[in-house]
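Numbering (my numbering), first residue to last: 47 to 266.
To start, the structure under review is shown below, and the notes come after it.
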C-alpha cells in the first residue's frame with residue numbers, strides 16, 4: 047500500500063512538471079504549417095516556466111523578444127532569425143539628443159581659443175589626466191592616495207587639488223568632447239572553412255561587414 051501511494055505521487059509530480067503554464071498563451075509552432083495539419087507537437091515547460099515544443103527533431107527554443115525589438119524568422123524551417131531594434135535607427139540627432147530632419151547638414155565647427163581645455167579647467171588638469179590615465183596608467187587606489195597627499199599639501203594655502211579622487215578624474219575624461227576626428231572605415235569578411243555544400247553555409251559567412259571607427263591616437 048505504501049509503494050502504491052509513492053508511485054501515485056511520482057506520477058502526479060511528472061504530470062505537473064510537463065503541464066504548460068496556464069497563464070501563458072501557447073502559440074502554434076512554425077513547423078506546424080510546414081508539416082501539415084497532421085503535425086503533432088508535445089508542449090512542455092522549460093526551466094523558466096515558458097512553454098516549449100518537443101518533436102522528433104530537436105527544435106531551437108525562441109524566447110520572446112524585448113518590447114523594443116522585432117524578430118523576423120527566415121530560412122529552412124524558420125531556424126534563422128534577425129532582430130530589428132525599433133529605436134536603433136541611426137537617425138542623426140543634435141548634441142541634446144533631438145532628432146534632425148532628413149538631409150540636415152552637420153553643425154558648423156566653432157574655432158576654440160588656444161586656452162580652451164574644456165572640460166578641463168586648464169592645461170595642468172589635462173596634463174595630469176593624460177599622465178595618470180595614459181602614460182602611467184595608475185591604479186585607482188594609488189590615484190586617490192596621490193590626490194590626498196596633494197590636497198593635504200595645499201590645505202595651508204586654501205587651494206584644492208586638481209581632482210578630488212579617481213572618480214572625479216574619470217568623470218572629466220569621459221566628458222571630453224570628441225572634436226574634429228574623421229570617421230574611417232574598413233570591411234571584414236569570413237575567410238575560414240565553410241561547410242560543404244556551400245548552400246548550407248550561414249549568411250554571415252558570405253556577408254561583408256563595414257567597421258567604422260575613429261583613430262584612437264587622434265581621439266586621445
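Quick reminder that beta carbons are idealized off the backbone N, C-alpha and C, glycines included.
Distance between beta carbons of residue j and residue i, contact taken as under 8 Å
| i | j | result |
| --- | --- | --- |
| residue 114 | residue 131 | 6 Å |
| residue 235 | residue 219 | About 35 Å; that fails the 8 Å criterion. |
| residue 178 | residue 205 | Actually they do not touch by this definition, with Cβ atoms about 19 Å apart. |
Residue from the options with nearest C-alpha to residue i
| i | options | result |
| --- | --- | --- |
| residue 262 | 236, 158, 226 and 243 | 226 |
| residue 233 | 185, 242, 256 and 212 | 256 |
| residue 212 | 129, 163, 171 and 116 | 171 |
| residue 209 | 182, 238, 173 and 228 | 173 |
| residue 246 | 117, 186, 126 and 183 | 126 |
| residue 134 | 116, 264 and 249 | 116 |
| residue 128 | 249, 175 and 155 | 249 |
Cβ neighbours of residue i in the same chain (closer than 6 Å, five flanking residues each side left out)
| i | result |
| --- | --- |
| residue 197 | 207 |
| residue 252 | none |
| residue 184 | 178 |
| residue 240 | 247 and 251 |
Contacting residues, own chain, Cβ-Cβ under 7 Å from residue i (five flanking each side not counted)
| i | result |
| --- | --- |
| residue 137 | 145 |
| residue 259 | 230 |
| residue 192 | none |
| residue 186 | 212 |
| residue 169 | 163 |
| residue 264 | 227 |
Close beta carbons around residue i, own chain, < 8 Å, minus the five adjacent residues each side
| i | result |
| --- | --- |
| residue 221 | 165 |
| residue 140 | 146 and 153 |
Identity of the residues DSSP links to residue i by a beta bridge
| i | result |
| --- | --- |
| residue 257 | 232 |
| residue 128 | 118 |
Proximity test, residue i beta-carbon vs the ligand NAD heavy atom, cut-off 6 Å
| i | result |
| --- | --- |
| residue 262 | In the structure on display, the ligand NAD does not appear, and there are no ligands present to speak of. |
Uninterrupted alpha helix (DSSP H) stretches inside the segment 170-219 (no shorter than 4 residues): 186-199
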